[in-house]
Structure formats: structure tokens, C-alpha cells
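Participant:
Below you can see the structure in the form of C-alpha cells.
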């Protein structure tokens, strides 16, 4: 009896493996043939090449192992491509109805998720692998040696890492109820992974009231274990161990830099010696990577097996409508509509030709739809929570330095993130989705011209997001003023104006991108590229600069190089940060106000080299001769150019586009 059961089980397992293998092959070839996927290869090579000689000529750190480790950060960055690769993998099939065809085959729902995750993960791994090999060849050419066995081990770890991230995004796609929810949750997931160490440090500081120094962190096992819980940090631990850098979750450049400065960093051996706890062993990080493959797939399989295959599109909206009192929803809507009515009144007063305002009805419809959606209270709440988080976790030293400007200053990070995320998530579908569904033909057939349609879509989204985030900031400023006892009205006004400009710039760019594409997947891919470009420009910029000019200032102090400083703050996020810092009275920089204060305090400190990549104009131009192009006012022009030029190009192209 036991033997027959074993034979039956083995037969079922063998059949399951064959079914999953067929699905893996289908998903793999479906993606690997896409041309845009192979953009990952030059991205990995470009980023990796800048890390082949990361220390310049001032520090002698050489060895063939750098040829392998150079692509470490590049691989971590390439993992963000898991979002466009996998976010629609399951939910799109459910929305289109194709999932019923797949569900009608012998494949179980668990097998669908497993096959989809591994097929798409291996497809993304292929261009990443080509980039890793290309970087290794460049390193081999520079150092004259290439440790082959190290490269093989590194490749295996890279495969685990890519599969872990893709499996997580596929799992999200399997459990959400719409494509919008999928792209939002997936993007938030990878952003949290990117900023996980900062989040952990802030939580640890809040709970223990103990400052977490970057160079000399506390000997807390819980802190170090928590830092390693994401795929990115576990990947760094395993790679650094393989290359001989040590048991640390920082990238190899930061780890070596800490050692050169005589600091422990997050090197386990330097903090605990040879007798460190077993939970900090590199093998545990390997298990964490494997767990990030197994656990999300197992969870998604359990949830997906109980879901109805047809998507319930109004599920979350109904929950919101039933849980929030009607009087509150009506009051918040009327309050939010006041600024728009003011705009309508002003437009009517200054313009007597009603035909020139044909975009206003479209803007009103867009504004109303967003204000009545779940996105409005969600975005409002996220901004308020992010503000409270920054307010409660700020260090006493920074708080005393910033003084009465503190209530306005702590909103900086919330605005630079959600003033970008909001337009991306709500704007990428504005035109592309209507073109894909065909409804744009009815809109374009109405009396308003195509120009009015595009302007109305963009203006409505801009007004709605400005109202939501603007009201959230007013509430935040009130809370901060009550807690600190100060009311910096000038700083409040300046930061509010900068915020509205920043939202307008991002909205114009995302709506313009949406108008360039006729398919939603292409529009969301372009929007995600823009999102990560803006979020991580401070890290992308020195890599591009090094590739063009052959040098950068990753470690070394930057000289007063006007072109370097100017290109560093060309991103909308850096531009609005410059304006925000100007409004609150800290240094002229595109970095956060906390980093600016750290750098200004470190001017006479030998540790300045570890902070110079943030580029404070007041520090580098110590003689006071700052070019006008680096003045804060120039950042207003940067935001204007970013918003006007892409939108003007989109208007021109939209006039002649085939909307079918």
C-alpha cells in the first residue's frame, strides 16, 4: 500500500514538473524575445564599469575580484526591471479573461504561479547575466586577471537574487484585483527594498532612542539581522563574502571605504569579532534569498486558489464607500473642489472667449474622478504619515540646527517621494488606457480639440494632486507647528509653491509619456523608467559622468565644477529639493536638508570624503563666487523646462497620432 502511494505520488509529481516546465518555457520565450528587455544589459555594463576603479588614484585597492564585484550595485539596480517584467503576469490574464483558458488546462493554480515566476525570472536573468559577463570582461582587461570560479559562484547568487525579486512581484500580481493595484504595490515593494536599511535604522532609533551611526553602528544583533531581511541586502552579504570583502550588507565600495577610515561600518567581523551569532552567518543570507522565492509563491498560491478568476474591480471602492461615513466623504469632496472653482472663476474673469476654455470640462471630469476615488484619501494619508514619521525620528542635533524651520523642513522627503509617485501612478493611464480600450476615439470626436483633451487631462490631474497633497501639507504644518511651537510662514509658503511646481512638472511628463503609447504596458514601463530615473538620479549621475569623462566624485571631494553640479541637479527631484532647502534656509544643494547639515558640519572633519557625493554648493564654492546657473532660482527654470518641453512634444505628436 505504501509502495503504491509512493509510486502514485511520484507519478503526479513528474506530471506536475512537466507541466510547470512547459509553462516556464512559454513564459521565458514570450519575454526573452522582447527588444526592450535587453536594455538591461547595457545598463548593467554602464553601471558596473563605473565601479571597476571606484577609488580613483588616491586609494590603491586592486585585484581581479573587483572585475566580478563591480557589477554588484548594477545587478541590484537591474532588479527594478522586475516590475515591468512581472507586475501584469497574472492580473492581466484575469482582467482579459485569458486566465480561464489556462485554468482549463491540467495546470493547477499553484503551478501557474510557479511557472510564471520562474519563466519570467529566468528571462530577466539572461540580460542581467550578459551585463555581468560584459562588466567582468572590462575588469579583466583593466586588472589582467579574472577569477573564473568566483564569477561562477557570483552568477549563481545573482540568479537566486533575480528569481527572488521576480517571484515577489509575480506573487503580488496574483493576489491584487487590478493592474493599477499591481503596479502600485510592486513599485512600493521595490522602493521599500531599496530604502530598507534607512527604514530599519529609523525604526531602531525610534524604539531604542539610540542614534544609528553609519560608520560606527551599535552592536545590535537585531539591527543587523533586520537589515539583511531583503533580497538586496542578503545579495550584498553573500557577494561580499565570496569576493573577500567580508561579512557585510553594504556594497563593496562603502565597505572598503569604512575600513580605510578605520570604521566598522556594518562589517560583522569588525563589530563582533570571530564569535558572531550564527544568524549573521552568510549562509543565513543564502537561505533568506531562497525564502524570498518560496514564501511569496506559497502565499500567493494559497490566496490565488480561493479567488474568483473574474476580477472584482469595485471591491476596494465598495469597502471605502461602506467604511467611511457619507457626510465625511461629501465634506472632503466639497472642500477639495473649492480651489478648482476658484481656478474656473479666474479663467472666466480673465478670458471672454469661452471656446479657448474647452479644456476646462475635461479637466473638471478628471479632477472629479480622482477626488472621488480611493487614491485621494490614500495619498493624503500617506503624506501625513510620512511627515509624522520624519517628525518623530529626526535626530536632536538636526532638530536644534534647523530651529524654527523644523515644521516646514520635515515635509521634504514626503513631498519629493509622493509628489512623484502620485503623478506616475495616476497619470500613466490617462491617455494610453483610453487609446487601448478605444474610448479615446469618442473623446477625440467631441467638440474639444485633441490639444484641449491633452491639456484637460494634464490640468485635471495636476489640480487634483496639488489639492490632495496641498491640504495634506497644511495639516502637517499645523501638527508640526503645534508640536514645536513655531510657525515659519515664509517657509510654509515657499515649500507649498515649490511642491505645486514639482507636481505640475511630474504630471506634465507622465501625461506626455502616456500620450506617446497606445498600449498600457508600454506606458507603464515608460512611467516606471521615469520614476526610477528621478528617484535614483543622485546615484545614476556619477555613473554617466564617469562613462563620458572618465572620472567622477564617488569618493573624492568634488571641486567647484559648475557643469558637474548643474547636471547633478537636473532631475526634478533634485531641483525641488534645492528650492525646498532655499525656503527653509539651509545650504544650496539638491540633497536632503539633513544631509546638507551633516556636510556643513563636516567641513573641517576628515570624514568629509564619505559625504561629498551629496554636493553642497556653499561648501565647494567656499569663496562665495557661485555661478548664476547654480543659484536656487535656476531650479525654477529646471522644473519649467522639464514640464514644458515634453508636454509640447506630446501635444505636437498627439495631433497627428492614429488613435485606433
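Residue numbers (the working numbering): 195 to 854.
Glycine residues also receive a C-beta, built at the ideal position from the N, C-alpha and C atoms.
Owing to the predicted nature of the structure, the values given are computational and were not obtained by experimental measurement.
(1) Would a C-beta distance cut-off of 8 Å place residue 772 and residue 821 closer than the cut-off?
(2) Reducing DSSP to helix, strand and coil, say where residue 414 ends up.
(3) Enumerate in chain order the residues of its own chain whose CB-to-CB distance from residue 657 is below 8 Å, with the five nearest sequence positions on each side excluded.
(4) With distances taken between CB atoms, is the gap from residue 767 to residue 572 smaller than 8 Å?
(5) In angstroms with no decimal places, state the Cα-to-Cα distance between residue 564 and residue 570.
(6) Looking at the structure shown, is residue 552 part of a helix, part of a strand, or coil, going by DSSP?
(7) Spatial neighbours of residue 756 within its chain, please: CB distance less than 6 Å, with the 5 preceding and 5 following residues excluded, ordered by chain position.
(8) Within this structure, are the beta carbons of residue 381 and residue 324 separated by less than 8 Å?
(9) Let's test the definition: count the other Cβ atoms within 10 Å of the Cβ of residue 183 and tell me whether it reaches 16, buried, or not, exposed.
(10) Between the C-alpha atoms of residue 739 and residue 623, what's the straight-line distance to the nearest angstrom?
(11) Which whole-angstrom value is the C-beta distance of residue 360 and residue 315, which I expect to be below 8 Å?
(12) Are at least three pairs of beta-carbons, each pair with one atom in the region 475-487 and one in the region 425-432, less than 8 Å apart?
(13) Have a look at 405, 814, 710 and 423 and flag the residue whose alpha-carbon is nearest the alpha-carbon of residue 759.
(14) Quick check on DSSP: helix, strand or coil for residue 810?
(15) What would DSSP say about residue 424, mapped onto helix, strand or coil?
(16) Measuring straight from C-alpha to C-alpha, what distance separates residue 528 and residue 774?
(17) Would residue 729 pass as a contact of residue 832 if the rule is Cβ separation under 8 Å?
(18) Considering only the alpha carbon of each residue, which of 459, 212, 439 and 336 lies closest to residue 266?
(19) Of the choices 496, 585 and 423, whose alpha-carbon is the least far from that of residue 399?
(20) Can you check DSSP and say which residues form a bridge with residue 783?
(21) Excluding the 5 residues flanking residue 498 on each side, which residues of the same chain have their C-beta closer than 7 Å to its C-beta?
(22) Report the three-state DSSP secondary structure of residue 761 (helix, strand or coil).
(23) In the region 700-748, which residue ranges form an unbroken alpha helix (DSSP H) of at least 4 residues, counting only runs that do not cross its ends?
(24) Is it the case that the region 331-340 contacts the region 460-469, given that we only count it when at least three CB pairs across the two stretches are under 8 Å?
(25) Kindly give me the distance between the Cβ atoms of residue 317 and residue 342, rounded to whole angstroms, as I take these residues to be in contact under 8 Å.
(26) Which residue from 583, 581 and 554 puts its Cα closest to that of residue 655?
(27) In the DSSP assignment, what residue or residues form a beta bridge with residue 442?
(28) Give me the Cα-Cα distance between residue 646 and residue 376, rounded to the nearest whole angstrom.
(29) If the criterion is Cβ atoms closer than 8 Å, does the pair residue 387 and residue 442 meet it?
(30) Restricting to Cα atoms, I'd like to know which of 348, 379, 374 and 286 is closest to residue 362.
(31) Please report the distance separating the alpha-carbon of residue 364 from that of residue 371.
(32) Using a Cβ-Cβ cut-off of 7 Å (strictly less than) and excluding sequence neighbours within five positions of residue 690, which residues of its own chain qualify?
(33) Would you say residue 777 and residue 685 are within 8 Å of each other, going by their C-beta atoms?
(34) If I follow the unbroken alpha helix (DSSP H) through residue 240, where does it start and stop?
(35) On the premise that residue 271 lies in contact with residue 241, defined as a C-beta separation below 8 Å, what is that separation, rounded to the nearest angstrom?
(36) On the DSSP letters alone, give me the boundaries of the alpha helix (DSSP H) that residue 169 sits inside.
Facilitator: This is what the structure gives:
(1) no
(2) coil
(3) If we look at residue 657 and ignore the five residues flanking it on each side, its Cβ neighbours are 533, 534, 537, 557 and 561.
(4) no
(5) 7 Å
(6) coil
(7) 821
(8) no
(9) Residue 183 falls outside the range modelled here, since the chain spans only 195 to 854, and no answer is possible.
(10) 33 Å
(11) 4 Å
(12) yes
(13) 814
(14) strand
(15) Residue state for residue 424 is assigned as coil, using DSSP reduced to three classes.
(16) Going from the Cα of residue 528 to the Cα of residue 774 covers about 30 Å.
(17) no
(18) 439
(19) 585
(20) 810
(21) 303, 307, 368 and 369
(22) helix
(23) 714-729 and 731-743
(24) no
(25) About 25 Å; that fails the 8 Å criterion.
(26) 554
(27) 461
(28) Distance between residue 646 and residue 376, taken at the CA atoms: about 31 Å.
(29) no
(30) 379
(31) 13 Å
(32) 664 and 667
(33) Between residue 777 and residue 685, the gap from beta carbon to beta carbon is short of 8 Å.
(34) Residues 234-243.
(35) 6 Å
(36) The chain is shown from 195 up to 854; residue 169 falls before or after that span and cannot be answered.
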